[in-house]
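Undergrad: What follows is a structure written as C-alpha cells; I'll ask about it next.
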Amino acid sequence: MTHWVNTTHDWAASVDRDHLNAIRADTDRYAPGGVLHLVLEVLAYADDEAESAGERGLCSVTLYDDGSIAIADNGRGTDTRVDEHGNVVKKPVMATKDLRFFDDPSAPLLPDGHPRRGMSVVAALSDWLVHTNRRTNGSWTQRYEHGIPVTSLDPIDSDGSTGTTVHFRPSYGEVVDLTPYLRFPHLDIRSLRKK
Numbered sequence: 182m183t184h185w186v187n188t189t190h191d192w193a194a195s196v197d198r199d200h201l202n203a204i205r206a207d208t209d210r211y212a213p214g215g216v217l218h219l220v221l222e223v224l225a226y227a228d229d230e231a232e233s234a235g236e237r238g239l240c241s242v243t244l245y246d247d248g249s250i251a252i253a254d255n256g257r258g259t260d261t262r263v264d265e266h267g268n269v270v271k272k273p274v275m276a277t278k279d280l281r282f283f284d285d286p287s288a289p290l291l292p293d294g295h296p297r298r299g300m301s302v303v304a305a306l307s308d309w310l311v312h313t314n315r316r317t318n319g320s321w322t323q324r325y326e327h328g329i330p331v332t333s334l335d336p337i338d339s340d341g342s343t344g345t346t347v348h349f350r351p352s353y354g355e356v357v358d359l360t361p362y363l364r365f366p367h368l369d370i371r372s373l374r375k376k
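To convert, note that position 59 of the sequence shown is 240 in this note's numbering; the numbers rise steadily by one, no gaps.
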C-alpha cells in the first residue's frame with residue numbers, strides 16, 4: 182500500500198466500520214440537532230475548500246421532497262490519487278474519522294453551536310449518500326449506505342467544472358429552517374427547494 186501523509190484522514194483504509202458504528206450508537210453526541218447539524222458538517226468542508234483556495238466559494242443547498250438534501254460546491258473536488266498499482270484512491274472522507282476534529286474536545290463549533298466532527302457523521306447517519314466528485318484529472322461518483330460504500334468509484338463524463346456534490350437522505354429527523362445557520366466565512370450559499 183502506498184503511504185501518503187495523513188492530514189485530515191488516514192489514507193490507509195477506505196472504511197472504518199467501528200468508527201461508523203460508534204457514530205450510529207450515539208447520534209445525540211455526534212449530530213445534536215439532527216439534520217441541521219448534518220448539513221452544517223457538509224458545508225464546513227466546502228468552506229475549508231474555499232479558504233484553502235484563497236477565494237470565496239459558491240455552494241447550493243437543495244431540499245428534495247423525499248427528504249434528501251444535495252449540497253454542491255465549486256471547489257477543486259475531493260483529493261484523488263493513484264496508488265503504485267494504478268488504482269484510483271480517493272481521500273476517505275465519508276467512512277473514516279476526520280483526524281482534525283472527531284476526538285478533539287476543542288473542535289471548532291459549527292453555526293449551530295455544536296462541535297464539528299467530520300463528514301463521516303453525515304454518511305453514518307444517512308440511509309444513503311451519493312458523493313459526486315469533479316476534478317481536473319477526472320470525475321466520478323460513489324454511493325454509500327449508512328456510511329458503507331456500496332459501489333466503486335464510477336467514472337462520469339466531465340462537464341468542464343470542478344467541485345463536490347454530497348446528496349444524502351438522513352436516517353432520522355426533519356429539515357428545519359436552515360437560513361439562520363447558513364453562515365460560513367468563505368462561502369456564498371444559496372438555499373433552494375426542488376420538488
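Ideal Cβ placement from N, Cα and C applies to all residues, glycine included.
1) With a threshold of 16 other CB atoms inside 10 Å of the CB of residue 375, please say whether the residue is buried or exposed.
2) Hey, out of 311, 305 and 202, whose CA is closest to residue 335's CA?
3) So what does DSSP say about residue 192, is it helix, strand or coil?
4) Need the endpoints of the beta strand (DSSP E) that residue 331 sits in, please.
5) Less than 7 Å between C-beta atoms, sequence neighbours within five positions excluded: which residues of the same chain meet that for residue 217?
6) Which value, in whole angstroms, describes the spacing of the CA atoms of residue 207 and residue 351?
7) Can you find a C-beta in chain E that's less than 8 Å from the C-beta of residue 365?
8) Please report the residue range of the beta strand (DSSP E) in which residue 307 lies.
9) Taking the alpha carbon of residue 337 as the reference point, which residue from 355, 349 and 316 has its own alpha carbon closest?
TA: In brief:
1) exposed
2) 311
3) Bear in mind that a pLDDT of 47 at residue 192, under 50, signals an unreliable position, so the model cannot answer this.
4) Premise fails: residue 331 is in no beta strand (DSSP E) and is neither H nor E.
5) 293, 357, 359 and 362
6) 15 Å
7) Included in the structure is just one protein chain, with no chain E present.
8) 307-316
9) 316
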